[in-house]
Structure formats: C-alpha cells, structure tokens
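Residue numbers (my numbering), protein chains in the order written: chain A, 1 to 117; chain G, 1001 to 1112.
Shown next as structure tokens:
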C-alpha cells in the first residue's frame, strides 16, 4: 500500500457525460500528479500540482481539468467524455515538486478505471 | 523529443532464471531514472538512479545506470512466479516540474 488513495475504483459512464476522480496524497506529500494509462498509449503524464498550484501540464485535453485543494487532495475532472477516454487514471504523490524538494520518488495510487460506453 | 525505450517488450522465463531488462533513453535534461513494477494495479516503486555506476540492490533485484551510454538495466536473479509483471522505466527531468516520462514497459512472465 503506497499511502495514496483514489476514489472511485471503477466508473462506468456514457459519452458526453462528466466525471470527477479524487485523489488523496500520502501524508506529508505536497505534489500530486495525474497520469492516464491506456492500452495503446502507455502511462502518460497529464498534470501536476504542488501545494495547491499547477506546476506542469502534459498531454492533457482541454476537456480535462484538475485542482488541488488546501488539504492537498486533488480532483481530476473529465467532461464531454468520449469512448477514447476509457483508461486507467492514476494519481501519484511525492514530497518534491518544486525546486528545494529533497525527494522525487512518486508513489502511485491504485487507480480509477474509467469506462465510457 | 525525450524518448525512453525498453527492451525486450516481453520475456518468458522459468523459475530460477536470471533476467536482464534494458532501458535506454534520449533526453535533454536528465535528473533521475526510476524503475517501477506493475502488476494488475498501480506501479510500485523499485529504484531511483541518479549517478552512473552505483548499483542499487533490493533482495534479488538490482539496477545500475550508465549516463555516458544513456541506459539502465534491471536484473532479477532466481526469478519467482511472483516476479511476473510489467517493469516500467521512467525518466525524471531537471527543472521545476517533476513529471515522469515512461517507457512502454517489459512484460515479464515467469513460469513455474
């Protein structure tokens, strides 16, 4: 158990809908990262937050957004869902995330499996 | 563009065999290389390598980095069926962001 929690574990929804995935980082970790894993694309970085602020963006679609709250949990919002959005969505956390951090190791949560029908 | 290439893509061995998994990379701003093990769930952290030539060991697993030739290897000795998993190599680049760039993984299957 990495200490990172994600809810829900599974989500089945229809095209055009909107969903919210939730992540709680390990105690003491300030950075949260979101990754998408699909069969054809592998693990792809979406977005990073550090202590409430957006730090980096990867190949995140405009239909997707995220935020990190004062208690450091994070939510990933996916809207206007398409069939191709079906994937495993992982959250990871680390202590570091900006200059001055002393560890870069990212610990992954169990993931949310999203199925869009 | 930053690139991480893992080989082989898949590997089937028998219990007791020793395996070597490879990860080569092309990046402009290297900071660290990480290895993860992924069974049918979340990637679990194995090693982080930052300096060349220093072997990291954990039980039957070990890994080393060569920053001159831009590759890393992950060795597993005396393999067990529980080692069956996808092994992922990921790069961490220097800079204020800390996102990981992953390779496509090596699927290891250990037969009894």
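Even for Gly, the Cβ is constructed at its ideal location relative to N, Cα and C.
Alpha carbons only, please: which of the options is nearest the one belonging to residue i?
i: residue 1080 (chain G); options: G:1108, G:1008, G:1103, G:1104; result: G:1108
i: residue 1016 (chain G); options: G:1082, G:1089, G:1099; result: G:1082
i: residue 1040 (chain G); options: A:88, A:49, A:114, A:94; result: A:88
i: residue 63 (chain A); options: A:3, A:12, A:16; result: A:16
i: residue 1072 (chain G); options: G:1043, G:1097, G:1098, G:1035; result: G:1035
i: residue 70 (chain A); options: A:45, A:46, A:85, A:25; result: A:25
i: residue 1052 (chain G); options: G:1103, G:1032, G:1038, G:1009; result: G:1032
i: residue 52 (chain A); options: A:18, A:44, A:93, A:108; result: A:93
i: residue 108 (chain A); options: G:1044, G:1001, G:1037; result: G:1044
i: residue 14 (chain A); options: A:85, A:1, A:106, A:90; result: A:85
I believe residue i touches residue j by the beta-carbon criterion, under 8 Å. Please report the beta-carbon distance rounded to the nearest angstrom.
i: residue 1013 (chain G); j: residue 1086 (chain G); result: Rounded, the Cβ-Cβ distance is 15 Å, inconsistent with contact.
i: residue 50 (chain A); j: residue 30 (chain A); result: 6 Å
i: residue 12 (chain A); j: residue 117 (chain A); result: 7 Å
i: residue 1004 (chain G); j: residue 1101 (chain G); result: 6 Å
i: residue 74 (chain A); j: residue 23 (chain A); result: 5 Å
i: residue 68 (chain A); j: residue 32 (chain A); result: 6 Å
i: residue 1106 (chain G); j: residue 1008 (chain G); result: 6 Å
Listing by chain order, which chain G residues have their CB less than 8 Å from the CB of residue i?
i: residue 106 (chain A); result: 1034, 1045, 1098, 1100
i: residue 48 (chain A); result: 1097, 1098, 1099
i: residue 66 (chain A); result: What residue 66 (chain A) touches in chain G: nothing, since even the nearest Cβ is about 13 Å away.
i: residue 128 (chain A); result: Since the first and last residues shown for chain A are 1 and 117, residue 128 (chain A) lies out of range.
Just to make sure I have the definition right: I need the residues of chain G whose C-beta is within less than 9 Å of the C-beta of residue i. Which are they?
i: residue 16 (chain A); result: Within chain G, no residue comes near residue 16 (chain A); the closest Cβ sits about 29 Å away, beyond 9 Å.
i: residue 55 (chain A); result: 1096, 1097, 1098, 1099
Identify the contact partners of residue i in chain A, using a Cβ-Cβ distance below 9 Å as the criterion.
i: residue 1105 (chain G); result: 42, 43
i: residue 1021 (chain G); result: Simply none; closest approach about 16 Å.
i: residue 1088 (chain G); result: 42, 43
Which chain A residues sit within Cβ distance under 8 Å of residue i?
i: residue 1009 (chain G); result: Result: empty, since nearest Cβ-Cβ is about 11 Å, beyond 8 Å.
Determine the chain A residues that contact residue i at a beta-carbon separation under 7 Å, and present them in chain order.
i: residue 1092 (chain G); result: 104
Against residue i, what residues of chain G qualify as contacts under a CB-to-CB distance less than 7 Å, listed in chain order?
i: residue 8 (chain A); result: Ordered by position in chain G, no residue passes the 7 Å Cβ test against residue 8 (chain A), which lies about 15 Å from the chain.
Just checking residue i against the ligand MN - is the residue's beta carbon closer than 7 Å to any of the ligand's heavy atoms?
i: residue 69 (chain A); result: Here there are no bound small molecules, and the ligand MN is not part of this structure.
- Task: Please determine if the segment 38-51 of chain A and the segment 1024-1032 of chain G are in contact, where contact requires at least 3 C-beta pairs separated by less than 8 Å.
- Result: no
- Message: For the segment 1090-1103 of chain G against the segment 1065-1078 of chain G, do three or more pairs of beta-carbon atoms, one drawn from each stretch, fall closer than 8 Å, so that the two count as touching?
- Response: no
- At a cut of 8 Å, does the segment 105-115 of chain A reach the segment 1056-1065 of chain G through at least three beta carbon pairs? no
- Query: Using a beta-carbon distance cut-off of less than 8 Å, what residues from the segment 1040-1067 of chain G approach chain A?
  - Reply: 1041, 1042, 1043, 1044, 1045, 1048
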